[in-house]
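Below: one structure, written as C-alpha cells.
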Amino acid sequence: MSQVPGWDDDIGPERLYVITGGRSDPSEQTGLDLVTLIVARQDPQVGMQPEHASILRVCSSPLSVAEISAYLGLPVSVITVLLADLLTEERVEARSPAPSLPDIELIEAVIHGLRNL
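Residues in the sequence shown are numbered from 619 upward in steps of one, following the working numbering.
What follows is the structure, encoded as C-alpha cells:
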C-alpha cells in the first residue's frame, strides 16, 4: 500500500521508468545498501518531484533504505536512484547503521555450553 497520494498499488514498469528517468540502480556508485540510514537535511520544496518530496517527508527521522522502500511502496532499486539524486543535491544524509557489538555474556555462555558437550 503506497502512501503517495494518487498512486495505484499496481505501479507498472512504465511508471517506474518515468520516476527514475530511465536510470538503473546506482547502489554501487553511492554505497547505499538496505540498512543504510537516510535522514532529511531539509524540508520538501515547492516544485520538487513528488517522489523526492515523499522521501524527505518520511525521513524526518533516520530510516533505512529498506524502510523507505516499504513506506513508499516502491522497489528498492527505484528508491536508491531517487536517493542518489537527493544525496547529490545534499538534501539527505546517508549514515551507516551503528555497529552492533556482540553480547559477551552470550558468547561466554555458548563457549561454556560447547565445552560441556
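Where is the CB? At the ideal position from N, CA and C, for every residue including glycine. Just so you know, these numbers come straight off a predicted model, no measurement behind them.
(Q) Using only the alpha-carbon positions, how far apart do residue 685 and residue 723 sit? (A) Taking the first residue of the sequence shown as 1, we reach residue 685 at position 67. Taking the first residue of the sequence shown as 1, we reach residue 723 at position 105. When rounded, the distance between both Cα atoms is 31 angstroms.
Q. For the beta strand (DSSP E) that contains residue 711, what are its first and last residues?
A. Locating residue 711 in the sequence shown gives position 93, where the first residue counts as 1. Note, residue 711: beta strand (DSSP E), 710 to 713.
Q: Return the chain-ordered list of same chain residues with a C-beta closer than 8 angstroms to the C-beta of residue 655, the five sequence neighbours on each side being excluded.
A: By 1-based counting over the sequence shown, the position of residue 655 is 37. So the qualifying residues of the chain are 680, 681, 682, 712, 713, 714 and 715.
Q | Three-state secondary structure assigned by DSSP to residue 653 | A | Against the sequence shown, residue 653 aligns to sequence position 35. Correct three-state label for residue 653: coil.
(Q) Could you compute how far the alpha carbon of residue 720 sits from the alpha carbon of residue 678? (A) Locating residue 720 in the sequence shown gives position 102, counting from the first residue. Locating residue 678 in the sequence shown gives position 60, counting from the first residue. C-alpha separation (whole angstroms): 30 angstroms.
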